[in-house]
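A.B. asks: Quick one: structure below, then a few questions.
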Amino acid sequence: MKTFIASIMLLLTIALICLPISVVWFAFVCNYSAIIRTIIFLAGLILCRLVKPLSIITGKDLKYI
Numbered sequence: 067m068k069t070f071i072a073s074i075m076l077l078l079t080i081a082l083i084c085l086p087i088s089v090v091w092f093a094f095v096c097n098y099s100a101i102i103r104t105i106i107f108l109a110g111l112i113l114c115r116l117v118k119p120l121s122i123i124t125g126k127d128l129k130y131i
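Following the working numbering, the numbering of the sequence shown begins with 67 at its first residue and continues without gaps.
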């Protein structure tokens, strides 16, 4: 049971780290109007600021993303 819970927590952590980067990427590849893409992009940047995925991945304290 402990292994199952640890596996679920690992997958959730990976998803939390990858979500902001994927939202920013989705803003560039989607076929919505420019206003909707801008809103998606800004939401992704806000998530990047909150989660700081690149700082987590690299292990360095990056100030911006």
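Positions of the beta carbon are idealized from the N, C-alpha and C atoms, including for glycine.
Using C-beta distances below 8 Å, list every residue in its chain close to A109, excluding the 5 sequence neighbours before and after it, in chain order.
C.D. replies: Mapped onto the sequence shown, residue 109 falls at position 43. For A109, where only same-chain residues beyond five positions count, the Cβ hits under 8 Å are V89.
A.B. asks: Run through DSSP, which three-state label would M67 get?
C.D. replies: Numbered from 1 along the sequence shown, position 1 holds the residue referred to as residue 67. Looking at M67 - three-state DSSP - the assignment turns out to be coil, as it is neither helix nor strand.
A.B. asks: Within the continuous alpha helix (DSSP H) that includes C114, where are the two ends?
C.D. replies: Within the sequence shown, residue 114 is the residue found at index 48, counting from 1. From DSSP, the alpha helix (DSSP H) with C114 extends over 100-117.
A.B. asks: Please go through the same chain and pick out, in chain order, the residues whose beta-carbon is closer than 7 Å to the beta-carbon of L113, but skip the five residues on each side of it.
C.D. replies: The residue given as residue 113 occupies position 47 in the sequence shown. The residues are L85, P86, V89.
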